[in-house]
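Peer 1:
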Amino acid sequence: MQIARNLTIFRLLQRSERSFFLFGPRGTGKSTWLQKDLPDAFRLDLLDSLLFLELSRDPHRLEALIGNRPGGAWVVLDEIQKIPPLLDEVHRLMELKRWRFALCGSSARKLRRGGANLLAGRALTLSMESFSAAELGDEFDLDFALNWGQLPFVRNEPEAAADILAAYVDTYLKEELPAEGLIRNVPPFVRFLAVAGQINGQMVNVQNIARDAAVARSTVDTYFSVLNDTLIGHALQAWRPGFKVREAAQPKFYWFDPGVARGAAGLVRDPADRLWQGTALETLVYHELRVYNEIRRKQRPLFYYRTPAGVEVDFIIETARRRPGSPSRVVAIEVKRAERWDRAWDKPMRILAETSGIKVDHMIGVYCGAGSYQFDTIQILPMSVFVKKLFAGEIY
Ligand SMILES: Nc1ncnc2c1ncn2[C@@H]1O[C@H](COP(=O)(O)OP(=O)(O)O)[C@@H](O)[C@H]1O
Ligand SMILES: [Mg+2]
2 MQIARNLTIF RLLQRSERSF FLFGPRGTGK STWLQKDLPD AFRLDLLDSL
52 LFLELSRDPH RLEALIGNRP GGAWVVLDEI QKIPPLLDEV HRLMELKRWR
102 FALCGSSARK LRRGGANLLA GRALTLSMES FSAAELGDEF DLDFALNWGQ
152 LPFVRNEPEA AADILAAYVD TYLKEELPAE GLIRNVPPFV RFLAVAGQIN
202 GQMVNVQNIA RDAAVARSTV DTYFSVLNDT LIGHALQAWR PGFKVREAAQ
252 PKFYWFDPGV ARGAAGLVRD PADRLWQGTA LETLVYHELR VYNEIRRKQR
302 PLFYYRTPAG VEVDFIIETA RRRPGSPSRV VAIEVKRAER WDRAWDKPMR
352 ILAETSGIKV DHMIGVYCGA GSYQFDTIQI LPMSVFVKKL FAGEIY
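Add 1 to the 1-based position in the sequence shown for the working numbering, that's all there is to it.
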């Protein structure tokens, strides 16, 4: 498929009517979305170095800069993480002037560490990621996404995907995160990123990662928490169906975008083999689940599952928690990078469905073939059909 360039993609994220934070990795389209969604807002971008200096020296200037605007007027503050103390001023102006603020940035981590109050719950938190397949609609190209991911930069210039992803990792991950004060010592972080790129979609073994990257275990934990807080990575916890505490499996780690994972792993110049693409497909499915959870305000917890015999189900969506007298309800999803579905692949889901105390609402296999199938209780869906059904609310 020919990928259309520079086509404006409609984002599914919905603004709140009250003040909000909007966080997400660099280049996911936050500023573009704010421009489109709040065209009449008064805008201040802290990337502007003069403005940055002025407001860091004197946060009170914010009021004068905004000037005479009626209550309810919108103010966009972009790259807010650059001046955490500004939030106290924002808080004051929200109360005093009744202005509404859209506070955009890469993450809350810097804000929290800067001692900012995050507005004491007065603002909602939204998040933005790469384009979702649901947003791309007919423009969604599975093959391209498996190889290069769905960052807007990459989608807009597909022939330069490898260069863009390499630059993204070099400038954003290796330079800006340290520059934002999130990383103190750069060389070990750079080694860690390469290892973390390689283990996309795998269970996290901190000890092995520490050894491979030659950094301390506690440092590996810190680095993962930076990636989580900046929404660059997500820890997918192992699902534990019962009340009984049993041996907990380690979480799996997924990058927000398979292209960025490939960039971090240093593999943009090597062909993405089928194994890599298999993980990339899981990464894309997880992304769709997160976007759906966010835009429909479902916020159902997502997990993976390991049967007692050690067989895995890629995703478990807990649609109802277990309570005395009522079982957990879940949707189970198994993802395979294959054009034909092998019935052996749905066995872990069937084992799960036979477990007592669990009610499985749907069992779905997502694959790269063209046809949809219904085998007794198991549905097999091509990726694009799965995404349509998900966003139509037919899955949970
Ligand atoms: N909805 C969209 N459709 C097409 N291109 C987009 C869209 N949103 C962002 N882009 C492109 O992606 C790039 C990064 O977007 P930007 O809004 O600056 O990201 P962020 O503010 O999250 O860093 C820009 O070059 C922009 O043209
Ligand atoms: Mg921006």
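Note that beta-carbon positions come from the ideal geometry of N, C-alpha and C, so glycine has one too. Treat the numbers as computed from the prediction; the structure is a model and nothing was measured.
Could you say which of Ser226, Arg270, Val76, Val388 lies nearest to Ala162 if we only look at CA atoms?
Peer 2: Ala162 has its Cα closest to that of Arg270, out of Ser226, Arg270, Val76, Val388.
Peer 1: Between which two residues does the alpha helix (DSSP H) containing Lys98 stretch?
Peer 2: Start and end: 87–98.
Peer 1: Just to confirm, does Gly28 get its C-beta within under 8 angstroms of one of the non-hydrogen atoms of ligand 1?
Peer 2: Result yes, Cβ under 8 angstroms from ligand 1.
Peer 1: Give me whichever residues DSSP pairs with Ala401 in a beta bridge.
Peer 2: Given a span of 2 to 397 for the chain in the structure shown, any question on residue 401 remains unanswerable.
Peer 1: Going by DSSP in three states, Thr220 sits in which element: helix, strand or coil?
Peer 2: In the structure shown, Thr220 sits in a helix (DSSP, three-state: H, G or I).
Peer 1: Looking only at its chain, what residues have a beta carbon closer than 7 angstroms to the beta carbon of Val155, apart from the 5 residues adjacent to it on each side?
Peer 2: Closer than 7 angstroms at the Cβ level, and outside the excluded window around Val155, lie Trp149, Ala162, Ile165, Leu166, Gly260.
Peer 1: Straight-line CA distance for Val170 to Gly264?
Peer 2: Whole-angstrom Cα-Cα distance: 6 angstroms.
Peer 1: If we count the other Cβ atoms within 10 Å of its Cβ and call it buried at 16 or more, is Leu97 buried or exposed?
Peer 2: Exposed is the call here.
Peer 1: Closer than 6 angstroms by C-beta to Asp1: which residues in its own chain qualify, once you throw out the five before and the five after it? Chain order, please.
Peer 2: One cannot answer for residue 1 here, as it falls past the ends of the chain, which runs 2 to 397.
Peer 1: Quick one, which of Leu228, Val216, Thr172, Phe254 has its alpha-carbon nearest Ile200's?
Peer 2: The candidate whose alpha carbon is nearest that of Ile200 is Phe254.
Peer 1: Between the Cα of Leu39 and the Cα atoms of Arg19, Leu48, Asp49, which residue gives the shortest distance?
Peer 2: Minimum Cα distance to Leu39 is reached at Arg19.
Peer 1: Whose C-alpha, out of Arg192, Glu80, Val91, Lys83, is nearest the C-alpha of Arg62?
Peer 2: Here the closest residue by C-alpha is Val91.
Peer 1: Between Met384 and Gly234, what straight-line distance do the alpha-carbon atoms span, to the nearest angstrom?
Peer 2: Approximately 22 angstroms between the Cα atoms of the pair.
Peer 1: Going by CA-CA distance only, name the one from Lys111, Arg58, Ala65, Asp59 that's closest to Phe24.
Peer 2: Measuring from the Cα of Phe24, the nearest candidate turns out to be Lys111.
Peer 1: So is the beta-carbon of Cys369 under 8 angstroms away from any non-hydrogen atom of ligand 1?
Peer 2: Because no heavy atom of ligand 1 lies under 8 angstroms away, the Cβ of Cys369 does not count as near it: no.
Peer 1: Leaving out five residues on either side along the sequence, give the residues of the same chain with a beta carbon under 8 angstroms from the beta carbon of Leu51.
Peer 2: Same-chain partners within the cutoff: there are none.
Peer 1: Which value, in whole angstroms, describes the spacing of the CA atoms of Phe43 and Asp89?
Peer 2: Answer to the nearest angstrom: the Cα atoms are 19 angstroms apart.
Peer 1: Give the secondary structure of Lys37 by DSSP, where H, G and I count as helix, E and B as strand, and everything else as coil.
Peer 2: Helix.
Peer 1: My understanding is that Glu130 touches Phe11, with C-beta atoms under 8 angstroms, so please give their C-beta distance in whole angstroms.
Peer 2: Rounded, the Cβ-Cβ distance is 15 angstroms, inconsistent with contact.
Peer 1: Residue range of the beta strand (DSSP E) that Ser57 falls in?
Peer 2: Segment 50–58 is the alpha helix (DSSP H) holding Ser57; no beta strand (DSSP E) there.
Peer 1: Using 8 angstroms as the Cβ pair cut-off and three pairs as the minimum, do the region 276–284 and the region 208–227 touch?
Peer 2: They do not touch, by the three-pair rule.
Peer 1: How should Arg218 be labelled, buried or exposed, when 16 other C-beta atoms within 10 angstroms of its C-beta is the threshold for buried?
Peer 2: Burial call: exposed.
Peer 1: One question on the structure: do Met204 and Ala146 come within less than 9 angstroms of each other, judged by their Cβ atoms?
Peer 2: No, the pair does not count as a contact, with Cβ atoms beyond the cut-off.
Peer 1: Should Glu80 and Gly122 be called a contact, given that it needs their Cβ atoms to be closer than 9 angstroms?
Peer 2: Not closer than 9 angstroms, so no.
Peer 1: Determine the direct distance from the alpha carbon of Leu119 to that of Ser57, and round the result to whole angstroms.
Peer 2: Roughly 17 angstroms between the two C-alpha positions.
Peer 1: Give the residues whose C-beta lies closer than 6 angstroms to at least one heavy atom of ligand 2, in chain order.
Peer 2: This selection yields Lys31, Ser32, Asp79.
Peer 1: Verify whether the separation of the beta carbon atoms of Leu35 and Ala103 is less than 9 angstroms.
Peer 2: Yes, Cβ-Cβ distance for Leu35 and Ala103 is below 9 angstroms.
Peer 1: Any heavy atom of ligand 1 inside 8 angstroms of the beta-carbon of Gly264?
Peer 2: Gly264 Cβ: outside cutoff for every heavy atom of ligand 1.
Peer 1: In three-state terms, what does DSSP make of Phe193?
Peer 2: In this structure, Phe193 counts as helix in the three-state DSSP scheme.
Peer 1: Under 9 angstroms between the Cβ atoms of Met364 and Asp343?
Peer 2: Taking 9 angstroms as the Cβ cut-off, Met364 and Asp343 do not qualify as a contacting pair.
Peer 1: Which residue or residues does DSSP assign as beta-bridge partners of Lys253?
Peer 2: Its beta-bridge partners are Met204, Leu237.
Peer 1: With respect to 8 angstroms, is the separation between the Cβ of Asn201 and the closest non-hydrogen atom of ligand 1 below this value?
Peer 2: Incorrect: Asn201 has no Cβ contact closer than 8 angstroms to ligand 1.
Peer 1: Is Gly25 near ligand 1, in the sense that its beta carbon is under 8 angstroms from a heavy atom of that ligand?
Peer 2: Answer for Gly25: yes, Cβ within range of ligand 1.
Peer 1: Under 8 angstroms Cβ to Cβ from Pro179, same chain only, skipping five residues before and after it: list those, please.
Peer 2: Once the five neighbours on either side are set aside, the close Cβ partners of Pro179 are Arg185, Val187, Phe190.
Peer 1: Taking the runs of the alpha helix (DSSP H) that are 4 residues or longer, which of them lie wholly in the region 342–397?
Peer 2: 348–355, 384–392, all fully within the region 342–397.
Peer 1: Is Val286 near Ile318, with beta carbons less than 9 angstroms apart?
Peer 2: Cβ atoms of Val286 and Ile318: not closer than 9 angstroms.
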